[in-house]
Amino acid sequence: MAGGRKGGSFSYGRVFSRRQFMLGSLVGASLLPWWRQLGEKSLREEGAAPVSAEEPRKRLRELGIVIGKYSPGNYNAITDVEGVWVGHTTIIRNLADASGRERRIRTGVTVILPNHGDVYREHLFAAFFNQNGWGEMTGIAPLQEEGRLKTPIFLTGTHNVGLVYDAAVSHLLRECPGILEERVIPSPVVAECFDGYLSDYQERMITEADVLEAIRGAKGGSVEEGGVGGGTGMTTFGFKGGIGTSSRRLSRDKGGCTVGVLVMSNTASREQLRVDGVPVGKEMEKWDRNTPGGSKSIILIAATDAPLFSFQLRKIAKRVVMGLAQTGATSNTSSGDLILAFSTGNRLPARGSSHPRQIIAVNEELITPLYQATVEATQEAILNSLTMAHTMEGKGGNIAPAIPLDRLVQIMKRYYRLEGRRDD
Amino acid sequence: MTERKRLRDWGLKFGAYPTGPLNAITDVSGVKVGHFSMIKEESSFSGTPKCIRTGITAIVPYSLPLERRLLVGSFVMRPGGDVTGYEVIDDFSYLKSPIVLTNTFSAGRIYNGILSIGFRLKRDLWPPIVIGLDDSYLNDMDARTLQEEHLIEVVETASSGRVAEGAVGAGVGLVSYGWKGGIGTSSRQVPLLAEVCHLGVLVATCNLHSPSTVLEEGEKGEDDGELSPSLEVDKAGTLAIVLATDAPLLPYQLKGLARESALGQAGFVSPHDGIISLAFSATNVIDNAEEGPLTYRFQWIEEKNLSPLLSAGKEVVKEAVANSLLMATPVEGRMDREGVPIPPELLKQRFFEQGLWKKPPF
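Chain order of the listed sequences is A and B. Following this note's numbering, the numbering of the first sequence begins with 1 at its first residue and continues without gaps. Following this note's numbering, the numbering of the second sequence begins with 1001 at its first residue and continues without gaps.
Laid out in structure tokens, this is it:
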């Protein structure tokens, strides 16, 4: 279990005063108009292990399954792009209210911080692509206009967006004294997927401290995957999903650029799953048709150190969709498939500039390998979110099973994807 | 202070179409508007009291216990602020949530408050639509004193009657064109085939710059006298426009209405400023979609019949902008700044210069 938080350092009263409106009806409350039906409600902690941590989890590549032709960066993660940091806060709690009704919290927040965490001083070129808009990513109206990313990127559960946005504003205010005098005030980028299959999402248990903890804990290097951070309550392809990441580093003769992708995956159904073209989902359905429902949305973030402009990053964002398609997902009506791509290759002063500045641009002729690298990294990131996730039990006894790795390997062998590898 | 009256109460007829009974967005049946204004000094850790000049304005597009989806279209250009729920508006053209205007830094809490209202009503109001406006010229926006209960009060007290304008709700801390800005509203009755439909708008004028001041920057202060703008704001402006109509428009037509109404404001928006424009139809709606049938029936009106509505869109926004300035009352804000209401003569003069009146108004 990763970063599961205990209740000790945690004040219930303060948390619930913020959420006093959405808890269940009180006795006799129906006599009051709805806006007066306020109630403090106490929840108590119940101990239990919602995650079966025994089963070993591996990244796709560690299983011998290799996607595409380009090599990953050192960590095979979005953090291979210089200066990009990732932090998670995972909230896994078993609670019960006064009447004994259990409340299962499986949520959290993941933050992506460019520029070695120093996000507000310099802005980065960025682009957004709306593959299927049944989702939320705040801050996009101005981002699309300005073509620049000005804040950290937060990934969380659907109903946490307001609270995470608010915490993001707190962080902005803390880091940027004098922000009120700025010509344009940055709008935080907060994206969501619906974690309601595993989590009692109405409780909205996330706090400002949780968000700030994710920011404080953000770092480069290897990235925790699966049911962590914003991905804690997510299910994907009928299995436990969540956070996944991957990267590609092009050789020097192809420009030596790196592209990294991080996803919060909560989309598609089991029978759709394809791994490197193999219909793994269909094969697995023969073995077990009991798949968790309620899956919707995937947020995909691509980062590159190639000095791309916004319009080129938009093309990268569209290639991210192609990677998504290769995993078999088809963007269901209720799947908010939103893509944000940014480049660390040019850094623009947040406080503006009174003289022209030099911008580096990539020769269009050389971008093609980067597109393929993006497709590959996206596919692998989504699959990593599956293979790294542990089985999780949540709301109302719902279980999201981890994808069985032995069976995955077995199927891939049957389709000759693991030939030449020692049989173990 | 000069008397504050709406544009029409100065005896000026404006535009080609008659207004609705209230000359407000609430002339579109089912649409309600609520304001919450917060004007206070609040002590802070640093010792200097925070000067709170802010609020919430909510447009409730349908009677809330209903499980209803409205069709909506948007046009966004150089926005100085954020609009949440934008992906759904842009890609699905659905509107379920109230449209709430507030200051940028409170957008998260207000977003969360809309979710709370949804939980309480057991209705899916997702995605919440919150338009964040930068009122920090007068307001200590970093104090973030607005809370969920204030939003709930706004939505609960929203009414389909007269709409307060000027320095009220989200407009308390807004300035525009060098004067006090705020909330403005107006409406039109427009012929549509054999019937008459209503078109209403509510605007917020946030940090807008007068295009003519921009042009005349080099020669400022020569003979403007007391008609020169009272303050200079170095901020990206936003004209927030929310249009409501009972005409049965489809999403692409609503997008057209949002766009035409926004682009019709050439004389009101400088290159420093942006526009966030939303338009929704209160009649082409979907009820109880989750257990709905396979297909729905909507009404479609051919575009050539919509041109009166589109030109009404241009004039109704202009009148609402004028009302937001004319109805504004003085507000003293942070750092001893003062939002001074525009002298009505100046506004009339500007309208005259732009050919909006045939003869000089005074």
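Beta carbons: idealized from backbone N, C-alpha and C, even for Gly.
For H159 of chain A, the C-beta contacts it makes with chain B under 9 Å involve N1112, L1115, F1119, W1126, in order along the chain. About 11 Å separates the beta carbon of I1110 of chain B from that of T1104 of chain B, a gap too long to meet the 8 Å contact definition. Among the bridge pairs identified by DSSP, K219 of chain A is matched with A:V86.
The segment 1126 to 1143 of chain B makes contact with the segment 1077 to 1095 of chain B: 3 or more CB pairs, one atom from each, lie closer than 8 Å. In terms of beta-carbon proximity, R1297 of chain B stays away from the interface with chain A, with every pair separated by 9 Å or more. The residue among B:L1278, B:V1196, B:L1138 with its C-alpha nearest the C-alpha of E1338 of chain B is B:L1138. Nearest CB-CB separation between E1165 of chain B and chain A: not below the 9 Å threshold.
Contact between V321 of chain A and Q131 of chain A holds, with the beta-carbon distance rounding to 5 Å and staying under 8 Å. Between T1084 of chain B and T138 of chain A, the gap from beta carbon to beta carbon is short of 9 Å. In terms of Cβ geometry, G1200 of chain B and M1327 of chain B do not form a close pair [threshold 9 Å]. About 18 Å separates the Cβ atoms of A302 of chain A and A361 of chain A, ruling out a contact at the 8 Å cut-off.
Residue-level contact by beta carbon fails for E213 of chain A and chain B, as no gap is shorter than 9 Å. Judged by DSSP secondary structure, G1169 of chain B falls outside any alpha helix (DSSP H); it is assigned neither H nor E. Where L1193 of chain B is concerned, there is no enclosing beta strand (DSSP E), because DSSP gives it neither an H nor an E. Apart from sequence neighbours up to five positions away, the residues of its chain that approach T333 of chain A with a beta-carbon distance below 7 Å are W134, ordered along the chain.
Distance from the CA of P356 of chain A to the CA of P349 of chain A, rounded to the nearest whole angstrom, comes to 12 Å.
Per DSSP, reduced to three states, the secondary structure at G1173 of chain B is coil, with no helix or strand assignment. For T1102 of chain B, there are no C-beta contacts with chain A under 7 Å, since the nearest C-beta of that chain is about 12 Å from it. Under a 10 Å Cβ-count criterion, D1336 of chain B is classified as exposed, with fewer than 16 other Cβ atoms of the shown protein chains found around its own Cβ. Not flagged as an interface residue toward chain B: G396 of chain A, since no C-beta distance is shorter than 9 Å. Excluding five sequence positions before and after G221 of chain A, the CB atoms of its chain that fall closer than 7 Å to its own CB belong to Y75, T79, given in chain order. At a cut-off of 9 Å between beta carbons, D1142 of chain B contacts chain A. Legend: CB atoms of the segment 125 to 142 of chain A lying less than 7 Å from CB atoms of chain B belong to residues N130, N132, G133, W134, G135, E136, M137, T138, G139, I140, A141, P142. The alpha-carbon separation between E1165 of chain B and A1024 of chain B amounts to approximately 10 Å. Taken in chain order, the members of the segment 1064 to 1087 of chain B whose beta-carbon sits within less than 8 Å of a beta-carbon on chain A are V1076, M1077, R1078, P1079, G1080, G1081, D1082, V1083, T1084, G1085, Y1086, E1087. Rounded to the nearest angstrom, the gap between the Cα atoms of E213 of chain A and G108 of chain A is 11 Å. Annotation: T1054 of chain B to L1347 of chain B spans about 25 Å, alpha carbon to alpha carbon. Shown here for W1010 of chain B: same chain residues with a beta carbon closer than 8 Å to its own, the five before and five after excluded, namely L1326, P1344, K1348, P1361 in chain order. At a cut-off of 9 Å between C-beta atoms, I185 of chain A counts as an interface residue with respect to chain B. T378 of chain A: not part of any beta strand (DSSP E); member of the alpha helix (DSSP H) spanning 368 to 387, first to last residue.
Under the 8 Å Cβ criterion, the segment 1240 to 1257 of chain B counts as touching the segment 1299 to 1314 of chain B, having at least three qualifying pairs.
In the three-state DSSP reduction, Q410 of chain A falls in the helix class (H, G or I).
With a cutoff of 9 Å on beta-carbon distance, G281 of chain A and G217 of chain A are scored as not near each other.
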